[in-house]
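Worksheet: the structure to be examined is printed underneath.
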Amino acid sequence: MSRSGDSCQNTWCSARGSLEAPGLPHGLCLRLGLEFALVRSWPSAHIHAGPCRWRGSAGHGDPAVGAWCNSHLRKAGTQIENIDEDFRDGLKLMLLLEVISGERLPKPERGKMRVHKINNVNKALDFIASKGVKLVSIGAEEIVDGNAKMTLGMIWTIILRFAIQDISVEETSAKEGLLLWCQRKTAPYKNVNVQNFHISWKDGLAFNALIHRHRPELIEYDKLRKDDPVTNLNNAFEVAEKYLDIPKMLDAEDIVGTLRPDEKAIMTYVSCFYHAFSGAQKAETAANRICKVLAVNQENEHLMEDYERLASDLLEWIRRTIPWLEDRVPQKTIQEMQQKLEDFRDYRRVHKPPKVQEKCQLEINFNTLQTKLRLSNRPAFMPSEGRMVSDINNGWQHLEQAEKGYEEWLLNEIRRLERLDHLAEKFRQKASIHEAWTDGKEAMLKHRDYETATLSDIKALIRKHEAFESDLAAHQDRVEQIAAIAQELNELDYYDSHNVNTRCQKICDQWDALGSLTQSRREALEKTEKQLETIDQLHLEYAKRAAPFNNWMESAMEDLQDMFIVHTIEEIEGLISAHDQFKSTLPDADREREAILAIHKEAQRIAESNHIKLSGSNPYTTVTPQIINSKWEKVQQLVPKRDHALLEEQSKQQSNEHLRRQFASQANIVGPWIQTKMEEIGRISIEMNGTLEDQLNHLKRYERSIVDYKPNLDLLEQQHQLIQEALIFDNKHTNYTMEHIRVGWEQLLTTIARTINEVENQILTRDAKGISQEQMQEFRASFNHFDKDHGGALGPEEFKACLISLGYDVENDRQGDAEFNRIMSVVDPNHSGLVTFQAFIDFMSRETTDTDTADQVIASFKVLAGDKNFITAEELRRELPPDQAEYCIARMAPYQGPDAVPGALDYKSFSTALYGESDL
1 MSRSGDSCQN TWCSARGSLE APGLPHGLCL RLGLEFALVR SWPSAHIHAG PCRWRGSAGH
61 GDPAVGAWCN SHLRKAGTQI ENIDEDFRDG LKLMLLLEVI SGERLPKPER GKMRVHKINN
121 VNKALDFIAS KGVKLVSIGA EEIVDGNAKM TLGMIWTIIL RFAIQDISVE ETSAKEGLLL
181 WCQRKTAPYK NVNVQNFHIS WKDGLAFNAL IHRHRPELIE YDKLRKDDPV TNLNNAFEVA
241 EKYLDIPKML DAEDIVGTLR PDEKAIMTYV SCFYHAFSGA QKAETAANRI CKVLAVNQEN
301 EHLMEDYERL ASDLLEWIRR TIPWLEDRVP QKTIQEMQQK LEDFRDYRRV HKPPKVQEKC
361 QLEINFNTLQ TKLRLSNRPA FMPSEGRMVS DINNGWQHLE QAEKGYEEWL LNEIRRLERL
421 DHLAEKFRQK ASIHEAWTDG KEAMLKHRDY ETATLSDIKA LIRKHEAFES DLAAHQDRVE
481 QIAAIAQELN ELDYYDSHNV NTRCQKICDQ WDALGSLTQS RREALEKTEK QLETIDQLHL
541 EYAKRAAPFN NWMESAMEDL QDMFIVHTIE EIEGLISAHD QFKSTLPDAD REREAILAIH
601 KEAQRIAESN HIKLSGSNPY TTVTPQIINS KWEKVQQLVP KRDHALLEEQ SKQQSNEHLR
661 RQFASQANIV GPWIQTKMEE IGRISIEMNG TLEDQLNHLK RYERSIVDYK PNLDLLEQQH
721 QLIQEALIFD NKHTNYTMEH IRVGWEQLLT TIARTINEVE NQILTRDAKG ISQEQMQEFR
781 ASFNHFDKDH GGALGPEEFK ACLISLGYDV ENDRQGDAEF NRIMSVVDPN HSGLVTFQAF
841 IDFMSRETTD TDTADQVIAS FKVLAGDKNF ITAEELRREL PPDQAEYCIA RMAPYQGPDA
901 VPGALDYKSF STALYGESDL
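Under the UniProt record's numbering, the first residue of the sequence shown is numbered 1, with each subsequent residue one higher.
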């Protein structure tokens, strides 16, 4: 082996490194090799005790290597003065290796001869090689001869292997791991930015930050100044030597005065800090576990608060809406009731759909929260009283019941008001006709003209009175109709019943008075009847025939002007048929009119032929031929108007029939489509294959196909709007109503959303519990195999058979029954007698995976507390992130044990409360 620097360098290059460690990552070997290559280029040096300053031929010094060696040799009660001299006999080299490795080396040879020294050095080199380090270009002869470069290279190899190589931070090792550890520990400190092991340490703040991070009571970091590096470095070196037992390996003036401090020396010195504070790494790991647990708990609390808020808002909306739907105070007019109906339509189209989505989302959020709580081994979430999902469902059911009753009430009330308006108008018409007829009748009956009349006049008065009685009897039916209509208006709670009753009472009182007066007048006329002689029979016959005919014409005019209301084409066709039948009687009526007029003409002819002077009017009746002809012309005019009105109504009913058929055609397509999709979803949820992600994507595509069908429902809503506006209340062409379609659509959207949520929860369960896709498919296949009725749930016997197929010992014996009862209490805590697939998956995931426990969290807190039974706020703030530290401080109860100190906090009760084992 050559001792020449150049030949050594060539040997180094050919070996691709100074050492090769079997089993170590190739990158680490290259890094160690690079460092050793740099060491080989160091000038020869001398190390002496005391301040351990290393003086070399180049005139610069570095105390790191010698101080490092002495820091370990002191433990054995010795030290070195000069590196290239004190290691030549191999004795202190073997002693150094025993101290830093904690192992015994072979017994050294105590002779003074060269061969003894070579043998001792070889024993040390063999021990280094046994630790996985292959030394290249370093031989025992070179160390014994005092080759400074080889000796320094060997010492640096030892430092790398026993002080730096074992450092590991977040899957990085050696130099990168040590650098990452420094960066993480100094990250919170201002003016500190560790990027390397040379210039990043010149101002001394990084050394002070490392000490302050782990022992804040030793350093007043806020008083340090970046522009005073010498003071900073000396402060850190003195504190480390005095309180941390780390020797002063570096010189502050040398570091400050050098453009680029020696990287190897600083790395060696920093590794001492790493090993001194290695215990803090356990605390950091414990803090990470606590942070993870607290983050899960904070997220769950946020989800709980969101659920409480959404549930409160939805229940408040239901509470406000139900009284409005239960308000059954009727309005006085159709227009007011139609406005209420329009308000109800706006509620169905605008206000309710978002609430349906909120309710569905609330159920999904609740299920997701419960799944996360189960996966994190937390107790199930119990909402506030009155805000359970069942409470929301009960409120929603009450809302829909009130909604259905409200719509039925609105339609019935509109029908009632239509009937009332029709009856009121009919009452007014009949009352007006009757009042017009009775006008003057009471005065006529009270007239005592018979006292001064002649016999012929008396007979005329008697005939006239008989005609009046005939007319009075004919009006009896109209009076009864008026009273009956008034009675019906009262029973239907007509808003103007008071005026109707007043008018009806006046008519009835007048009618009774007319009856009494008629009877009194008749008695008076009969008393003087014997004094009367003949009367013109023709006038009498005219009066008797003219009065009924006149009454018939008045009734005909009344019927022709009568209002009508129909709802179907059959009803209007019935009215048209009745009108056609009425028109067929007009020729007979015309002949009767001509016959009556002929009687009047015959009476005039006889009077003229016998020179009889008539008074100009028929004494027995007030119905003159002019009146008959006038009313007949009125009837002739009303008939075509009636024809026109009936034809218009027929056209309207034909249009309504078209609307019915149009709506029925669309509804008979949409309704079965919704029902088919509901059945398909049921099959899909049972027969799904492939990965859960494939199933989820398939369900979401299926959901999009359902949402894409929404325009068909919008078209149906538009057609239903036209039907509502036309006041069409029934449709014989379909069994589907708009309400049925809406409910079916809402159930379809809710069902697909719940199915998607179930698969998402299965994915969440699989990922959180580490369940493989094959296990999930096996669970699904086993569940579906025993779900004979494809109902999505297993009965007790089916579930027992499923467990047996999976290898559980639940046979029909005492031990098997006890185990099965335990499992049933887990998967069916409500004793419903059914086991859902989600409950089955939760059980299998708990059986096959592990989760954090309260004991693990307590152990983590105990590490942070330094094995104490309590922890302080200062320790929490030092080890945890600020928000999670304050979270713990706010929720931990004071520690009450005998070893308590002021400000002590009870982390044990806090940890058990996180998992529902006690109350905070």
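Positions of the beta carbon are idealized from the N, C-alpha and C atoms, including for glycine.
In this text, all values refer to a predicted model and were calculated from it rather than measured experimentally.
Going along the chain, which residues of its own chain have a beta-carbon closer than 8 Å to the beta-carbon of residue i, five neighbours each way excluded?
i      : result
Arg260 : His198 and Ile199
Asp817 : Val810
Leu95  : Leu73, Ala76 and Thr78
Leu514 : Thr438, Lys441, Glu442, Leu445 and Leu472
Ala474 : Ala547, Pro548 and Asn551
Pro902 : none
Leu748 : Ile674, Lys677, Met678, Ile681 and Ile706
Going along the chain, which residues of its own chain have a beta-carbon closer than 6 Å to the beta-carbon of residue i, five neighbours each way excluded?
i      : result
Ile118 : Ala140 and Val144
Ala904 : Phe870 and Tyr895
Val99  : His72, Lys75 and Ala76
Ala15  : Low per-residue confidence applies at Ala15: pLDDT is 28, beneath 50, and the placement is therefore not dependable, though the value from the model is reported in the following sentence. The answer, listed in chain order, is Val136.
Measuring alpha carbon to alpha carbon, tell me which of the options ends up nearest residue i.
i      : options                           : result
Ala148 : Arg88, Glu717 and Tyr808          : Arg88
Gln183 : Phe207, Phe162 and Leu803         : Phe207
Met776 : Ser845, Ala753, Lys677 and Glu541 : Ser845
Ile462 : Asn120, Tyr406 and Gln537         : Gln537
Asp251 : Asp203, Asn288, Ala287 and Tyr221 : Asp203
Lys185 : Leu160, Asn394 and Arg213         : Arg213
Glu408 : Glu241, Lys340 and Pro379         : Lys340
Ser860 : Lys190, Phe427 and Ala287         : Ala287
Arg522 : Arg448, Glu480 and Leu715         : Arg448
In terms of residues, what are the limits of the alpha helix (DSSP H) holding residue i?
i      : result
Met267 : Glu263 to Ala276
Phe820 : Arg814 to Val827
Ile255 : Ala252 to Gly257
Glu811 : Unbroken run through Glu811: none, as it is neither H nor E.
Val99  : Leu91 to Ser101
Lys404 : Val389 to Thr438
Ile565 : Looking at the DSSP string, Ile565 is not in any alpha helix (DSSP H), and its letter there is neither H nor E.
Tyr243 : Pro229 to Tyr243
Asp496 : It is not in any alpha helix (DSSP H) - Asp496 carries neither H nor E in the DSSP assignment.
Tyr620 : No alpha helix (DSSP H) holds Tyr620; DSSP gives it neither H nor E.
Tyr915 : From DSSP, Tyr915 is part of no alpha helix (DSSP H); its letter is neither H nor E.
Met113 : Taken as a continuous stretch (DSSP letters only), Met113 belongs to no alpha helix (DSSP H), as it is neither H nor E.
Ala854 : Ala854 to Leu864
Ser705 : Leu692 to Asp708
Asp84  : Ile83 to Asp86
Asn208 : Leu205 to His214
Glu142 : Ala140 to Val144
Gly77  : Element bounds for Gly77: n/a, residue is neither H nor E.
Can you name the residues that DSSP bridges to residue i?
i      : result
Thr836 : Ala793
Ala893 : Asp906
Asp871 : One point to set straight first is that residue 871 is Ile, not Asp, in the sequence displayed. Answer by DSSP bridge pairing, in chain order: Leu905.
Assuming residue i and residue j are in contact, meaning their beta carbons sit under 8 Å apart, how far apart are those beta carbons, in whole angstroms?
i      : j      : result
Asp883 : Tyr895 : Not a contact, Cβ separation roughly 23 Å.
Ser782 : Cys802 : 5 Å
Leu540 : Leu489 : Going by Cβ atoms, the distance from Leu540 to Leu489 rounds to 41 Å, so no, they are not a contact pair.
Leu315 : Ile364 : In fact, because the Cβ distance is near 17 Å, the residues do not count as touching under 8 Å.
Tyr542 : Ala603 : 7 Å
Ile841 : Phe779 : 6 Å
Val635 : Met553 : 6 Å
Pro354 : Glu308 : Between Glu308 and Pro354 the Cβ distance is about 20 Å, and since that is not below 8 Å, they are no contact.
Ile763 : Glu703 : With a Cβ gap of about 16 Å, Ile763 and Glu703 do not count as contacting.
Just to confirm my understanding: we take residue i, look at its own chain, exclude 5 residues before and 5 after, and list those with CB closer than 7 Å. What are they?
i      : result
Cys291 : Leu880, Pro881 and Gln884
Val826 : Phe843
Ala900 : Phe870
Glu758 : Gln838
Glu760 : Leu696
Lys908 : Ile858
Asn367 : Asn757 and Asn761
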